[in-house]
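S.K.:
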Amino acid sequence: MITHLHITDLGVIAGANVEFSPGFTAVTGETGAGKTMVITALGLVLGERAEQSAVRAGAQRAIAEAVFDVSGAPEAKHTARDLDAEIDDDELIVSRRVNQDGRSRATVGGRAVPIGALGELGHQLVAIHGQNDQIRLASAQAQCELIDNYAGNAELLARYRNAFDRRRAAQAKLRDFDEGRQERLARAEQLRSDLEAIARVSPVSGEDAELEQRITRLSHAEAIREAVALAATALADDTGEIPDAIGLVETARKSTEQAASMDSTLDAVATALRDARYALEEASSELTRYADDFDSAGPEALAQAQDRLAELRRLCRAYGPTLDDVLAFDTAGIAELTELEADDDTGARLRAILEQAETELAALAAQLTQTRTAAAQELTQRATAELAALAMPHAVLHAEVSPLGEYSATGRDRVEFLLSSQPGQQPRSLLKGASGGELSRIMLAIEVVVAAKDSVPTYIFDEVDAGIGGAAAIEVGKRLARLARHAQV
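In terms of my numbering, the sequence shown has 343 at position 326, counting the first letter as 1, and numbering is strictly consecutive.
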């Protein structure tokens, strides 16, 4: 409940401190005394829109600050703690500052919060009802919320909203999947073509570099043969017509070993010459083998190597630039194609998920419809009984729960309050068929009924007595007194 309200520079009020007690409180005064500003100040701390015209003339800003006892408002206490607000001995301070330019700043328990957070918190703390602003009857959504609160649908609504979100997510995934299906089919076909092109060539990492070396070698075959032949002859001339390197080194070795037998200081030289002979003989053997292998590779080997390299380079131009890039493309392409070829399975899985979500959503929506229909009937019957004592003896209040074409975030129902003011009169929309005074009494009747079902801890009625008097006014007072037994009024 509200325990204290502080107002600074708001409308005609330069400064005011108002203390409120539990139960019933009446704020009275002459026209222009500032009664409306009290309601305006409370509206500001509860998240209503701030008008720059509300700032007192000559002042820089208007301030409204309220202290709430939240000991009997567990939902509001939970919301405040979610905002990291400080609650001291169940007291919660909510303030709002409005500057001359219309900008405003809000705090809850000493923490700056978005203005929207005040609205959520305010609905859990206070219900304000004015003659021309019946906030709980102003829209179909508000009327549906009133029925849900009376029915105790909070937990059911939470489950429904979770199912609604899951269905919406499943719809989005399936929609994206279906919209991209043709693109994925085209992508799969292109990948098959690309992978087949690579498979026909079957490239091997590093193969292009080896081919380039081979082509260079085969392109200079004659020069290589001549050079190898000359080197082989220089090392070992089988004809004996010219001195060869092996023979000369052998002669040097023998002579050095002969000298070393007489002077051991030449042993190392003799050993070096012996090693040189072995090295030259090994080199000669390698040249002979090379020449034999080289001679076996005819002109067709060059053509084959050139053709193979051309194939590899075509792949590199298409999927490269390097051969390793081609191989990486091949690996990634195989994985992607495998995933794309599982498209039918993916589509079936997404459709199954959506079907399950829709089944669950339909069941929860049906439960909401059932509880709302029962609650609407009970609430309107009880409220109609209250109206009989509020100078509306022939009025009958209805709450029509009708189906919507589509699921919404709050169900598949549209709730509308209807009023028959006279016998035989067709029920009309409440906002069209009731005067301002009648709306005040209807709202009062409804609040008297719902108060016993754990509604908000504080009710504020602005000019609830407008347009009524005599016995009806006495009955209004009785209802307010009855409501004050359960809540602050």
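The beta-carbon is built from N, C-alpha and C at its ideal position, and this holds for glycine as well.
Note that this is a predicted model, so its numbers are computed, not measured.
Look at the Cβ atom of Leu61, then the Cβ atom of Val115, and state whether they are nearer than 8 angstroms.
M.R.: A contact, by the Cβ cut-off of 8 angstroms.
S.K.: Check whether the region 131–147 touches the region 87–96, taking contact to mean three or more Cβ pairs, one atom from each stretch, closer than 8 angstroms.
M.R.: Yes, the region 131–147 touches the region 87–96.
S.K.: Grouping DSSP H, G and I as helix and E and B as strand, with all else coil, what is Arg122?
M.R.: Looking at Arg122 - three-state DSSP - the assignment turns out to be strand.
S.K.: Does the beta carbon of Glu206 fall short of 7 angstroms from some heavy atom of the ligand COA?
M.R.: For the structure depicted, the ligand COA is absent and the ligand set is empty, with no information on it obtainable.
S.K.: Using CA atoms only, rank isn't needed, just tell me which of Thr57, Glu224, Asp106 and Ala489 is closest to Leu344.
M.R.: Nearest C-alpha to Leu344: Glu224.
S.K.: For Ala123 versus Ile110, is the C-beta distance shorter than 8 angstroms?
M.R.: No, the Cβ-Cβ distance between Ala123 and Ile110 is not below 8 angstroms.
S.K.: Which of the three DSSP states is assigned to Ser210 in this structure?
M.R.: DSSP places Ser210 in helix when its eight states are reduced to three.
S.K.: Thinking just about the alpha-carbon of each residue, which of Phe434, Ala490, Gln323 and Asp324 is nearest to the one in Ala406?
M.R.: Closest option to Ala406, Cα to Cα, is Ala490.
S.K.: Expressed to the nearest angstrom, what Euclidean distance is found between the alpha-carbon atoms of Gln323 and Arg330?
M.R.: Each residue's Cα considered, the two are about 10 angstroms apart.
S.K.: Assuming Ile80 and Ser112 make a contact with CB atoms under 8 angstroms, what is their CB distance in whole Å?
M.R.: Yes, Ile80 and Ser112 are in contact; Cβ-Cβ is about 7 angstroms, under 8 angstroms.
S.K.: I need the straight-line Cα distance from Asp150 to Arg192, nearest angstrom please.
M.R.: Caution applies to Asp150, whose pLDDT of 45 falls short of 50 and renders its modelled position unreliable; the model cannot decide the point.
S.K.: Spell out a yes or no on whether the region 406–420 and the region 438–458 are touching, meaning 3 or more CB-CB pairs, one atom from each, closer than 8 angstroms.
M.R.: Cβ pair count under 8 angstroms is three or more, so yes.
S.K.: So Arg78 and Asp26 are in contact, right, with Cβ under 8 angstroms, and what is the actual spacing, rounded?
M.R.: Right, their Cβ atoms sit about 7 angstroms apart.
S.K.: If you count every other CB in all the chains shown that lies within 10 Å of the CB of Ala504, and 16 or more means buried, which is it?
M.R.: Classification of Ala504: buried, given that the 10 Å Cβ count is 16 or more.
S.K.: Apply the 10 Å Cβ neighbour rule to Met54 and answer buried if 16 or more other Cβ atoms are within range, or exposed otherwise.
M.R.: Buried.
S.K.: Taking the beta carbon of Pro474 as the centre, do at least 16 other beta carbons fall within 10 Å, making it buried, or is it exposed?
M.R.: Buried: at least 16 other Cβ atoms inside 10 Å.
S.K.: At the level of alpha carbons, what is the spacing between Asp479 and Phe37?
M.R.: Spanning the two alpha carbons is a distance of roughly 16 angstroms.
S.K.: For Val506, which residues in the same chain have their Cβ closer than 6 angstroms to its Cβ, ignoring the five residues on either side in sequence?
M.R.: So the qualifying residues of the chain are Phe41, Tyr476, Leu497 and Leu500.
S.K.: Can you round the beta-carbon distance between Arg429 and Leu436 to whole angstroms, since I take them to be within the 8 angstroms contact cut?
M.R.: Not quite, the Cβ-Cβ distance comes to about 25 angstroms (not below 8 angstroms), so this is no contact.
S.K.: Can you look up Thr427 in the DSSP assignment and give me helix, strand or coil?
M.R.: Three-state result, Thr427: coil.
S.K.: Can you find the residues in the same chain that come closer than 8 angstroms, C-beta to C-beta, to Leu332, ignoring five residues on each side of it along the sequence?
M.R.: Once the five neighbours on either side are set aside, the close Cβ partners of Leu332 are Ala214, Ile215, Val218, Pro220, Leu340 and Val343.
S.K.: Excluding the 5 residues preceding and the 5 following Ala102 in the sequence, name in chain order all residues of the same chain whose CB lies nearer than 6 angstroms to its CB.
M.R.: Taken in chain order, the residues that qualify are Val125, Gly126 and Arg128.
S.K.: Quick one, are the C-beta atoms of Val245 and Ala296 less than 8 angstroms apart?
M.R.: Result no, Cβ atoms of Val245 and Ala296 do not sit closer than 8 angstroms.
S.K.: According to DSSP, is Leu343 part of a helix, a strand, or is it coil?
M.R.: This sequence places Val at residue 343; Leu is not what is there. If DSSP states are grouped into helix, strand and coil, Val343 belongs with the helices.
S.K.: Residues bridged to Leu436 by DSSP?
M.R.: Leu414 and Arg445.
S.K.: Identify every run of the alpha helix (DSSP H) within the region 280–368, keeping only runs that are complete inside it and at least 4 residues long; order them along the chain.
M.R.: You should have 284–313, 316–336 and 340–357.
S.K.: Pop quiz: Asp261 and Leu252 are said to be a contact at Cβ under 8 angstroms. What is the actual Cβ separation, rounded to whole angstroms?
M.R.: Contact flag correct, Cβ pair sits at about 6 angstroms.
S.K.: Using alpha carbons as the reference points, say which of Ile164, Glu108, Asp105 and Ala335 lies closest to Glu395.
M.R.: Checking every option, the nearest Cα to that of Glu395 belongs to Ile164.
S.K.: Once the 5 residues before and after Val29 are set aside, which same chain residues still bring their CB inside 6 angstroms of it?
M.R.: Counting only Cβ-Cβ distances below 6 angstroms, and skipping sequence neighbours, we find Gly51.
S.K.: Quick one: what's got a C-beta closer than 7 angstroms to Ala392's C-beta in the same chain, skipping five residues either side?
M.R.: Same-chain partners within the cutoff: Ile164, Tyr167 and Ala168.
S.K.: Count the other C-beta atoms from every protein chain shown that fall within 10 angstroms of the C-beta of Leu381, then say buried if there are 16 or more, exposed otherwise.
M.R.: The residue is buried, with at least 16 neighbouring Cβ atoms inside 10 Å.
S.K.: Between which two residues does the beta strand (DSSP E) holding Ala33 run?
M.R.: That run of the beta strand (DSSP E) goes Ile30 to Glu36.
S.K.: I think Phe181 touches Ala426, with their Cβ atoms under 8 angstroms apart; what is that distance to the nearest whole Å?
M.R.: Contact flag correct, Cβ pair sits at about 6 angstroms.
S.K.: Given this structure, state the Cα-to-Cα distance separating Glu239 from Thr305, to the nearest angstrom.
M.R.: Each residue's alpha carbon lies about 16 angstroms from the other.
S.K.: Which stretch, first to last residue, makes up the alpha helix (DSSP H) that contains His140?
M.R.: It spans Ile132 to Leu142 - the alpha helix (DSSP H) in which His140 sits, taken as one unbroken run.
S.K.: How would you label Gln207, buried or exposed, when you count the other beta carbons within 10 angstroms and need 16 or more for buried?
M.R.: When all chains shown are included, Gln207 counts as exposed.
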